[in-house]
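Numbering (this note's numbering), first residue to last: 488 to 865. Each residue gets a CB set at the ideal place from its N, CA and C atoms; glycine is no exception.
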């Protein structure tokens, strides 16, 4: 493997992307624009690679070499895929439904909590939101979670515990379709070429055997954290950014976010093929615990490749999905729920870290050492 000085430039971008949001508040608050700029820089740097050398060292075909750096295929993919894969329309439509239906949901929950056992309600909320998040999007599922938790007769600590468990469920379930969350959109887009030809149900077919039991298990676990209920009614939460404007802005941000990550992933293709593909999947799985402090969609853009084996893809995604629930920055549901309910990083980590470590160990044993894998064919 021949080191190229351009590799250093791309690694520098990776480092900036990883630490930038934590070091500079303005980057954290303008993450979409920041990632877009980094994506443009990554693609620009990769344009200077010696194409003949790539053919010799990485065995690229003429077609693959043509996809390195700026090209119309990458540009059109970045522009079109956030809409074609459905995540932006889903966020917009589900956001409108949530905006106009929030009051109805609150009234319904006030009635349901009077007649249905609280533990059953909690199980259904956590499990169903997890499974439905791949359809209604993780963003809307987490907003709905906040509204439902405000209707539940629990003290603050119990609500925090339930929200953390529910966010693990949502983070897992949202991966099943490309409309669920940016991670799944990026993964499907990057795997739609040969040999996988990933379509709408690709991730469902590959991961549902791990994801569905996980969502149900989180529902059961949540039942044990319900504590003692007390009488109360729904607490109405206000829209932070102003009603319908918030819905539209949220959809635009998701569009820019996904577009930026597609550019970033395209720019990183050479160093992925050089340095990531040779790592054993067992190591990749545990290394991806850094998803606890980094957005897992960003890591997906930097790691996933069509040259990976199925077990490598499973290791990358399961490691990112599970560890993403450990700390607040790990995924979108955590950020939304913690922000709206005022959960501190310390409060989240108290349950999120140990629960995440246990789940990481369970899934590690299951994925790599238990010969039980059902692949669906939708």
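Which of the three DSSP states is assigned to residue i in this structure?
i, result
"residue 794", "coil"
"residue 529", "helix"
"residue 766", "coil"
"residue 510", "helix"
"residue 742", "helix"
"residue 855", "helix"
"residue 835", "helix"
"residue 555", "coil"
"residue 547", "coil"
"residue 666", "coil"
"residue 567", "helix"
"residue 814", "coil"
"residue 516", "helix"
"residue 864", "coil"
Between the alpha carbons of residue i and residue j, how many angstroms are there, rounded?
i, j, result
"residue 631", "residue 541", "48 Å"
"residue 611", "residue 823", "21 Å"
"residue 508", "residue 785", "12 Å"
"residue 787", "residue 749", "10 Å"
"residue 585", "residue 831", "26 Å"
"residue 727", "residue 625", "Residue confidence for residue 727 is low, a pLDDT of 49 falling below 50, so the modelled location carries little weight; the figure read from the coordinates is stated next. Cα to Cα, residue 727 sits roughly 18 Å from residue 625."
"residue 676", "residue 796", "16 Å"
"residue 800", "residue 791", "7 Å"
"residue 651", "residue 545", "43 Å"
"residue 780", "residue 752", "19 Å"
"residue 814", "residue 510", "17 Å"
"residue 516", "residue 712", "33 Å"
"residue 860", "residue 769", "17 Å"
"residue 565", "residue 806", "25 Å"
"residue 820", "residue 708", "18 Å"
"residue 569", "residue 685", "15 Å"
Can the beta-carbon of residue i be found closer than 8 Å to that of residue j?
i, j, result
"residue 638", "residue 593", "yes"
"residue 670", "residue 537", "no"
"residue 846", "residue 803", "no"
"residue 794", "residue 555", "no"
"residue 633", "residue 837", "no"
"residue 657", "residue 614", "no"
"residue 702", "residue 618", "yes"
"residue 579", "residue 738", "yes"
"residue 500", "residue 529", "yes"
"residue 572", "residue 665", "yes"
"residue 567", "residue 744", "no"
"residue 864", "residue 648", "no"
Comparing the CB of residue i with every heavy atom of the ligand NAP, is any distance shorter than 7 Å?
i, result
"residue 609", "Ligands displayed in this structure: none; no statement on the ligand NAP is therefore possible."
Check whether chain D comes within 8 Å of residue i, counting only Cβ atoms and requiring the distance to be less than that.
i, result
"residue 684", "Among the protein chains of the structure shown there is no chain D, as only one such chain exists."
**Message:** Using 8 Å as the cut-off, can you tell me whether the stretch 771 to 779 makes contact with the stretch 650 to 663, which would need three or more C-beta pairs spanning the two stretches below that distance?
**Reply:** no
**Cβ pair count under 8 Å reaching 3, the stretch 846 to 855 against the stretch 693 to 701** = A contact exists between the stretch 846 to 855 and the stretch 693 to 701.
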